[in-house]
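Some notes on the structure that comes next.
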Amino acid sequence: MRFFSPGDRKPRVGFFKFSCCTGCGFQLAYFQKSLEDTLKSFDFTFFRLASSSGTPEGPFDLALVEGAVTEPYQIIELKKIRANSAVLYAVGSCAITGGIPAIKAGVPEMEVQNKAYRTKLYGLTSLRPSVLGDYVEIDGSVRGCPPGERDLQEAMVSVLFHRKPEFAGYSVCVECKIKGNICVLVAEGLPCMGPVTNAGCGALCPSYHRACYSCFGLMGQANTAALKGKFRKLGLTEDEIERRFSLFDALETKK
Amino acid sequence: MTGENVFQKNYEVLICKELFAGWVEGLRDDFKLIGPVGDGVNAEFREIASLKEANLDYQSTMLPPGKAYLFKPLEEIVLFNAGPGGVAAEEPPIPVQKQVLIGVHACDTHAVFYLDKVFLGAFTDPFYKARRENTFIISLNCKTVTDLCFCHLIGTGPYLKAQSGYDMLLTDMGGEFLVELKSERSKNLFNVKGRPPEAGDWQKKDEMETRLLKSFKKDFKADGLRQVFLSRPGHPVLKETAEERCLSCANCVMVCPTCFCHDVYDETDLSLTRIKRMRRWDACQDYFFAQVHGGNFRSERQARLRQFVFHKLDYEGQFGLKGTVGCGRCIRWCPTGIDLTEIAEEMMK
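Residue numbers (the numbering used here), protein chains in the order written: chain A, 13 to 267; chain B, 570 to 918.
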């Protein structure tokens with residue numbers, strides 16, 4: 013196993029953002045438990061939220077990219093980042109599933125543009141939202157809205173150790189059971205998205221008796237039809253069901 | 570000496586519930602008391618200060634007591650310290666906390682016997698072994714059964730027939746508990762004088778059991794499934810259930826008292842000096858469970874569902890026991906109510 017030893021130069025990290033709330037970048041800048049260690053181990057060559065200096069040109073050992081692609085120039089930038097980076101991770105739901113910016117996926121672009129930019133902000137056009145993986149090859153996904161500290165840390169450590177990061181691929185239900193939360197879907201009849209949602213949050217909402225709203229996005233092979241059937245039995249209308257599924261997974265559900 | 574003789578003669582006593590509660594409270598100095606809190610099927614085994622907090626009339630819990638308190642959902646098994654001199658491995662201390670599990674139903678007691686086969690069999694797990702030895706199990710015969718219970722078909726309940734492997738058996742006789750001592754240590758620990766049961770008391774116990782047996786709703790042929798499973802592994806009911814209802818959420822496995830699979834992975838902190846090797850409950854329903862180098866041998870949902878159903882109702886060759894104890898948790902906590910016994914019945918047709 014080869015990894016960056018103390019004598020090596022520090023790995024160069026670039027943090028980039030496209031259409032999003034910058035919450036993932038904030039989460040990284042707000043690395044409470046390990047900020048000092050992070051700065052000791054990594055050279056943040058480009059991280060706009062933390063420093064106005066630095067160059068986006070690379071080369072990078074690790075590029076972390078948040079946000080969905082909703083404007084044409086972003087595609088060109090993304091490809092450039094990819095070309096200059098050894099490892100590129102998509103960070104956060106917007107970059108991985110489309111997240112909140114993708115809610116408009118089911119609406120014609122002209123309609124969105126007229127609604128959102130009716131004050132005629134020049135130069136702003138709307139493009140059907142898409143995810144990073146549509147344009148470039150990504151080496152991993154750090155899920156979440158925003159991702160938890162554990163997963164961001166795992167992503168960074170994996171680069172130091174040159175190994176595949178260990179991210180959860182199972183459902184939120186597994187995390188609930190590990191914590192011992194009484195199931196809010198079965199016992200309380202709340203429309204919880206846990207059974208189809210990728211874990212990683214530590215079952216945050218169900219731990220506070222709230223239904224999961226799938227901010228980490230659908231897990232692989234999620235059986236959405238089966239959960240929709242359950243929601244119908246709970247008495248949710250088709251519109252309510254649609255909203256729950258399209259909040260973070262509109263690109264999947266509004267294909 | 571006199572006292573010992575008395576107890577050697579009477580390993581079964583009837584004592585009033587208040588006296589029993591008082592004895593349990595006395596254990597608090599040496600043991601952590603863990604008992605069922607809450608009502609019906611949503612009770613939960615938790616640390617309690619006295620039996621007043623517990624509800625021994627509970628019907629079921631989401632997490633099974635044995636698995637939750639003997640085989641931790643998430644635990645650190647090795648700690649690596651990396652420094653200039655190299656990497657040193659350090660084992661976390663073996664758990665020494667003594668605990669009493671109070672009110673463990675017959676099915677859940679049998680599930681502990683199953684876990685024993687896994688963790689104290691061909692390989693001894695030091696953490697499980699230490700917890701098992703430090704755990705005093707007070708089992709409890711059921712007073713009611715739920716719609717989903719089928720222990721009577723598996724031979725694991727509702728009354729506990731096993732004579733060893735646990736410490737004490739309680740039967741609620743109304744105002745009194747019939748206490749049956751099943752381990753040497755219980756004979757040393759239980760020092761409450763009571764009335765020795767008479768023929769009438771045993772008869773009453775039998776009658777209660779017979780009445781309870783009549784109240785079961787579930788009925789299916791639990792034997793002879795092996796042939797069916799082997800001959801029709803691609804039965805349409807598996808495909809239909811998988812496609813229409815199975816969420817692959819793994820709730821069934823997580824709440825199963827005998828499911829023992831776990832994943833081992835490393836957590837490295839950013840100082841790169843401390844690496845924790847963790848063990849976490851894992852589930853065959855998860856897509857990545859069967860992901861190995863070169864592919865995934867259960868990439869289809871129905872293959873994963875089949876794995877669960879067959880492992881619970883068949884696979885006796887593994888440990889000489891059925892994988893199920895008939896507690897019904899996998900059915901109750903499945904968001905879409907998938908019932909393994911219905912699948913088996915359909916396959917028998």
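Even for Gly, the Cβ is constructed at its ideal location relative to N, Cα and C.
- Does the region 865 to 874 of chain B touch the region 897 to 906 of chain B, meaning 3 or more C-beta pairs lie closer than 8 Å? The region 897 to 906 of chain B, when compared against the region 865 to 874 of chain B, does not touch it at the 8 Å Cβ threshold.
- Item | is_contact[M742 of chain B, chain A] using C-beta, thresh 9 Å | Mapped onto the second sequence, residue 742 of chain B falls at position 173. It does not: the Cβ of M742 of chain B has no partner Cβ on chain A nearer than 9 Å.
- How should I253 of chain A be labelled, buried or exposed, when 16 other C-beta atoms within 10 angstroms of its C-beta is the threshold for buried? As a working note, residue 253 of chain A is residue 241 in the first sequence. Result: buried.
- Item | Whole runs of the beta strand (DSSP E) within the region 125 to 204 of chain A, excluding any shorter than 3 residues | DSSP runs (the beta strand (DSSP E)) wholly in the region 125 to 204 of chain A: 152 to 154.
- Alpha carbon to alpha carbon, how far is T678 of chain B from T842 of chain B? Here the question's residue 678 of chain B lines up with position 109 in the second sequence. Here the question's residue 842 of chain B lines up with position 273 in the second sequence. Roughly 42 Å between the two C-alpha positions.
- Task: Using alpha carbons as the reference points, say which of B:G635, B:R849 and B:E702 lies closest to T827 of chain B.
- Result: Along the second sequence, one-based indexing puts residue 827 of chain B at 258. Comparing Cα positions, the closest option is B:G635.
- Message: At the level of alpha carbons, what is the spacing between F260 of chain A and A75 of chain A?
- Response: Along the first sequence, one-based indexing puts residue 260 of chain A at 248. Along the first sequence, one-based indexing puts residue 75 of chain A at 63. Here the alpha carbon of F260 of chain A sits roughly 23 Å from the alpha carbon of A75 of chain A.
- Counting only beta-carbon atoms, is L722 of chain B nearer than 9 Å to chain A? In the second sequence, the residue the question calls residue 722 of chain B occupies position 153. Cβ-Cβ to chain A under 9 Å: no for L722 of chain B.
- Message: Less than 9 Å between the C-beta atoms of P113 of chain A and P141 of chain A, yes or no?
- Response: Working through the first sequence from its first residue, we reach residue 113 of chain A at position 101. Working through the first sequence from its first residue, we reach residue 141 of chain A at position 129. Cβ distance < 9 Å, so P113 of chain A and P141 of chain A count as in contact.
- Query: Taking just the CA atoms, how far does M777 of chain B sit from A731 of chain B?
  - Reply: Locating residue 731 of chain B in the second sequence gives position 162, where the first residue counts as 1. Locating residue 777 of chain B in the second sequence gives position 208, where the first residue counts as 1. The straight-line gap from Cα to Cα measures roughly 18 Å.
- Minimum C-alpha distance to R162 of chain A - residue among A:F179, A:D151 and A:L172: The residue given as residue 162 of chain A occupies position 150 in the first sequence. For R162 of chain A, the nearest C-alpha among the options comes from A:F179.
- Quick one: grab the DSSP three-state call for P605 of chain B. Indexing the second sequence from 1 puts residue 605 of chain B at position 36. DSSP places P605 of chain B in strand when its eight states are reduced to three.
- Message: Please state the DSSP three-state secondary structure of K29 of chain A.
- Response: Numbered from 1 along the first sequence, position 17 holds the residue referred to as residue 29 of chain A. In the displayed model, K29 of chain A falls within a strand according to three-state DSSP.
- Task: Leaving aside the five residues before and after T50 of chain A along the sequence, list all residues of the same chain whose C-beta is less than 6 Å from its C-beta, in chain order.
- Result: Locating residue 50 of chain A in the first sequence gives position 38, where the first residue counts as 1. By the criterion of a C-beta distance shorter than 6 Å, T50 of chain A is surrounded in its chain by F43, once the five residues flanking it on both sides are discounted.
- Are the beta-carbon atoms belonging to P159 of chain A and G212 of chain A less than 9 Å from one another? As a working mapping, residue 159 of chain A is identified with position 147 in the first sequence. As a working mapping, residue 212 of chain A is identified with position 200 in the first sequence. Less than 9 Å divides the Cβ of P159 of chain A from the Cβ of G212 of chain A.
- Task: Please list, in chain order, all residues of the same chain as C185 of chain A whose beta carbon is under 6 Å from its beta carbon, the five residues on each side excluded.
- Result: For this step, residue 185 of chain A is matched to residue 173 along the first sequence. Excluding sequence neighbours, C185 of chain A sits near G206 and P207.
- Item | Residue-level contact to chain B via CB, S53 of chain A, 9 Å cutoff | The residue labelled residue 53 of chain A in the question sits at position 41 within the first sequence. Closer than 9 Å: yes.
- If you run the structure through DSSP and keep just helix, strand and coil, what is F877 of chain B? Locating residue 877 of chain B in the second sequence gives position 308, counting from the first residue. Looking at F877 of chain B - three-state DSSP - the assignment turns out to be helix.
- Message: Does the CB of A819 of chain B have a neighbour CB from chain A at under 9 Å?
- Response: Here residue 819 of chain B corresponds to residue number 250 of the second sequence, with the count starting at 1. The C-beta of A819 of chain B comes closer than 9 Å to at least one C-beta of chain A.
- Quick one: does D261 of chain A have its CB under 9 Å from some CB of chain B? Sequence index remark: in the first sequence, residue 261 of chain A carries index 249 (1-based). When Cβ-Cβ separations below 9 Å define contact, D261 of chain A makes no contact with chain B.
- For a contact meaning CB atoms closer than 8 Å, what does V186 of chain A contact in chain B? Translated into the one-based positions of the first sequence, residue 186 of chain A becomes position 174. Under a criterion of Cβ atoms nearer than 8 Å, the residues of chain B adjacent to V186 of chain A are, in order, C818, A819, M823, W850, A852 and D855.
- Message: The alpha helix (DSSP H) that contains K774 of chain B, what's its start and end?
- Response: Translated into the one-based positions of the second sequence, residue 774 of chain B becomes position 205. K774 of chain B: member of the alpha helix (DSSP H) spanning A768 to K783, first to last residue.
- Item | Interface positions of the region 245 to 258 of chain A facing chain B (Cβ-Cβ less than 7 Å), listed along the chain | For the region 245 to 258 of chain A, the beta-carbon criterion of a distance under 7 Å to any beta-carbon of chain B is satisfied by none of its residues.
- Task: Please look up how many angstroms separate the CB atoms of G110 of chain A and E78 of chain A, rounded, as I've assumed it's under 8 Å.
- Result: Start at 1 with the first residue of the first sequence, and residue 110 of chain A comes out as number 98. Start at 1 with the first residue of the first sequence, and residue 78 of chain A comes out as number 66. At roughly 13 Å, the Cβ-Cβ gap does not stay under 8 Å, so G110 of chain A and E78 of chain A are not in contact.
- Which one of B:G607, B:A819, B:N710 and B:T779 has the shortest CA to CA distance from F857 of chain B? As a working note, residue 857 of chain B is residue 288 in the second sequence. The candidate whose alpha carbon is nearest that of F857 of chain B is B:A819.
- Query: In chain B, what lies closer than 8 Å to V171 of chain A by C-beta?
  - Reply: Counting from 1 along the first sequence, the entry for residue 171 of chain A is found at position 159. Result: empty, since nearest Cβ-Cβ is about 11 Å, beyond 8 Å.
- So, P23 of chain A versus V124 of chain A, is the Cβ gap smaller than 9 Å? The count along the first sequence starts at 1 and reaches residue 23 of chain A at position 11. The count along the first sequence starts at 1 and reaches residue 124 of chain A at position 112. No; because the gap between Cβ atoms is not below 9 Å, this pair is not in contact.
- Return the bridge partner residues of Y834 of chain B from the DSSP annotation. As a position in the second sequence, residue 834 of chain B is number 265, starting the count at 1. For Y834 of chain B, which the question treats as bridged, DSSP gives the partners B:M847.
- Item | Span of the beta strand (DSSP E), counted from its first residue to its last, around M742 of chain B | The count along the second sequence starts at 1 and reaches residue 742 of chain B at position 173. Where M742 of chain B is concerned, there is no enclosing beta strand (DSSP E), given that its DSSP letter is neither H nor E.
- Taking the continuous beta strand (DSSP E) assigned at H674 of chain B, which residues delimit it? As a working note, residue 674 of chain B is residue 105 in the second sequence. Here the beta strand (DSSP E) through H674 of chain B covers Q668 to H674.
- Item | Sub-9 Å separation of R754 of chain B and D883 of chain B beta-carbons | For the purposes of this step, residue 754 of chain B is taken as residue 185 along the second sequence, with counting starting at 1. For the purposes of this step, residue 883 of chain B is taken as residue 314 along the second sequence, with counting starting at 1. Against a cut-off of 9 Å, the Cβ pair of D883 of chain B and R754 of chain B comes out as no contact.
- Task: Would you kindly report the start and end of the unbroken alpha helix (DSSP H) that includes S800 of chain B?
- Result: The residue you call residue 800 of chain B lines up with position 231 of the second sequence. For S800 of chain B, the enclosing alpha helix (DSSP H) stretches over residues L794 to S800.
- Task: Answer with buried or exposed for F38 of chain A, where buried requires no fewer than 16 other C-beta atoms within 10 angstroms of its C-beta.
- Result: One-based indexing of the first sequence puts residue 38 of chain A at position 26. It counts as exposed.
- For M13 of chain A and chain B, any beta-carbon pair shorter than 9 Å? The residue you call residue 13 of chain A lines up with position 1 of the first sequence. The predicted position of M13 of chain A is uncertain, since its pLDDT is 35 and thus under 50; no value can be drawn from it.
- Message: Just verifying my parser: in three-state terms, what is the DSSP assignment at M570 of chain B?
- Response: Your numbering for residue 570 of chain B matches position 1 in the second sequence. With a pLDDT of 37 at M570 of chain B, under the threshold of 50, the modelled position of that residue is not reliable, and the figure given next carries that caveat. Of the three classes helix, strand and coil, the one that applies to M570 of chain B here is coil, per DSSP.
- Item | the region 595 to 619 of chain B: positions lying closer than 8 Å to chain A by Cβ | From the region 595 to 619 of chain B, only N611 and E613 have a Cβ closer than 8 Å to chain A.
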